[in-house]
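Just below is one structure, and these are the notes that go with it.
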Amino acid sequence: MPDIADNLARVRERIELAAARVGRDPKEIKLVAVSKGQSLERIEQAVAAGVEILAENFVQEARPKILKLRGKVSWHFVGHLQTNKANYAVELFDLIQSIDSIKLAQEVNRQGGKQGREVPVLVQVNISGERTKFGVERGQALALIKETAAMKNLKLVGLMTIPPLSDDPSNSRPYYVSLRKFKEEVASAGIPILELSMGMSADFEVAVEEGATLVRVGTAIFGPRGS
Numbered sequence: 003m004p005d006i007a008d009n010l011a012r013v014r015e016r017i018e019l020a021a022a023r024v025g026r027d028p029k030e031i032k033l034v035a036v037s038k039g040q041s042l043e044r045i046e047q048a049v050a051a052g053v054e055i056l057a058e059n060f061v062q063e064a065r066p067k068i069l070k071l072r073g074k075v076s077w078h079f080v081g082h083l084q085t086n087k088a089n090y091a092v093e094l095f096d097l098i099q100s101i102d103s104i105k106l107a108q109e110v111n112r113q114g115g116k117q118g119r120e121v122p123v124l125v126q127v128n129i130s131g132e133r134t135k136f137g138v139e140r141g142q143a144l145a146l147i148k149e150t151a152a153m154k155n156l157k158l159v160g161l162m163t164i165p166p167l168s169d170d171p172s173n174s175r176p177y178y179v180s181l182r183k184f185k186e187e188v189a190s191a192g193i194p195i196l197e198l199s200m201g202m203s204a205d206f207e208v209a210v211e212e213g214a215t216l217v218r219v220g221t222a223i224f225g226p227r228g229s
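See below:
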């Protein structure tokens, strides 16, 4: 069974080295440990080793984990969120990374109002244009961002993307460059945002080099699911 503490130390070292290559402060980069498919025991090992942010893809799977560990770590939702699960996501998660439509933004905003909280969110941008990927299309993203930023019970804090799958991490670079430049375009439109969530186990070093502030790492910390 993979040693989670050792894996976590190696991932952090790789983040630091990637940041150093481009003159970034590694403290700007937050490691999000993706615990989808992992047992509560292994998640608790990760928390004991120093993980501060955990992420899940499915509300139903996440619920018992969050209820057990609530208050010990922050929880991010990184999967595709259905509007009929928005109430549970708002209840359980500290940050929702995957706002990808005005309908979803409106429902999360409504649930935030009902639950009396301002919900931090990221807009997920389908920067590659792949039909199999979730996320708002690049050409429609600025309009969604403007509407989301104006909602009373949402706090827009950044952007997220998932590049096409590839065996070569360098193939992700153009998509990360594109999202970083889009962030600058959003800022020019009068909407300053801080976070760029990009990079997973296969390519997080490239993401760090291109400006990621949140990297979503699962396998490199926990090992393959079921291991």
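Each number in the working numbering comes from the position in the sequence shown (counting from 1) with 2 added on. We put the CB at the ideal spot given by N, CA and C, even for glycine.
Lys29, buried or exposed, once every other Cβ within 10 Å from all chains shown has been counted against 16: exposed
If you run the structure through DSSP and keep just helix, strand and coil, what is Lys74? coil
Which residue's Cα is closest to the Cα of Leu216: Glu132, Glu93, Asp169, Ser76? Ser76
In this structure, what does DSSP give as the bridge partners for Gly160? Leu124, Glu197
So is Gln126 buried or exposed if we call it buried at 16+ other beta carbons inside 10 Å? buried
Residue range of the beta strand (DSSP E) that Glu58 falls in? 55-58
Excluding the 5 residues flanking Lys87 on each side, which residues of the same chain have their C-beta closer than 6 angstroms to its C-beta? Val61
Determine the DSSP secondary structure at Gln40, reduced to helix, strand or coil. coil
In three-state terms, what does DSSP make of Phe95? coil
Residue interval of the alpha helix (DSSP H) (run including Leu234): For residue 234 there is no data in the structure shown, the boundaries of the chain being 3 and 229.
Look at the alpha carbon of Gly118 and the alpha carbon of Leu97, and state the distance between them as a whole number of angstroms. 15 angstroms
Nearest to Asp210 (by Cα), restricted to the options Pro166, Ile147, Asp102, Lys32: Just to set this straight, residue 210 is Val in the shown sequence, not Asp. Comparing Cα-Cα distances from Val210 to each of Pro166, Ile147, Asp102, Lys32, the minimum goes to Lys32.
What did DSSP end up calling Lys67 once you bin it into helix, strand or coil? helix
Using a Cβ-Cβ cut-off of 7 angstroms (strictly less than) and excluding sequence neighbours within five positions of Ile223, which residues of its own chain qualify? Ile6, Asn9, Leu10, Val13, Ala35, Ala48
Is the Cβ-Cβ distance between Pro194 and Lys157 less than 8 angstroms? no
Along the chain, where does the alpha helix (DSSP H) containing Leu106 start, and where does it finish? 104-117
Closest to Ala204 by C-alpha separation, out of Ala214, Tyr177, Glu120, Leu167, would be which residue? Leu167
Delimiting residues of the beta strand (DSSP E) encompassing Leu251: The question about residue 251 has no answer, for the chain in this structure spans 3 to 229.
Within 10 Å of its beta-carbon, does Lys154 have 16 or more other beta-carbons around it, so buried, or fewer, so exposed? exposed
Is Ile31 helix, strand or coil by DSSP? coil
Cβ shell of Glu187 (< 8 angstroms), same chain only, five flanking positions each side left out: Leu144
Per DSSP, what kind of secondary structure is Phe224 in: helix, strand or coil? helix
Pick out whichever of Pro66, Lys135, Tyr178 has its Cα sitting closest to the Cα of Gly81. Lys135
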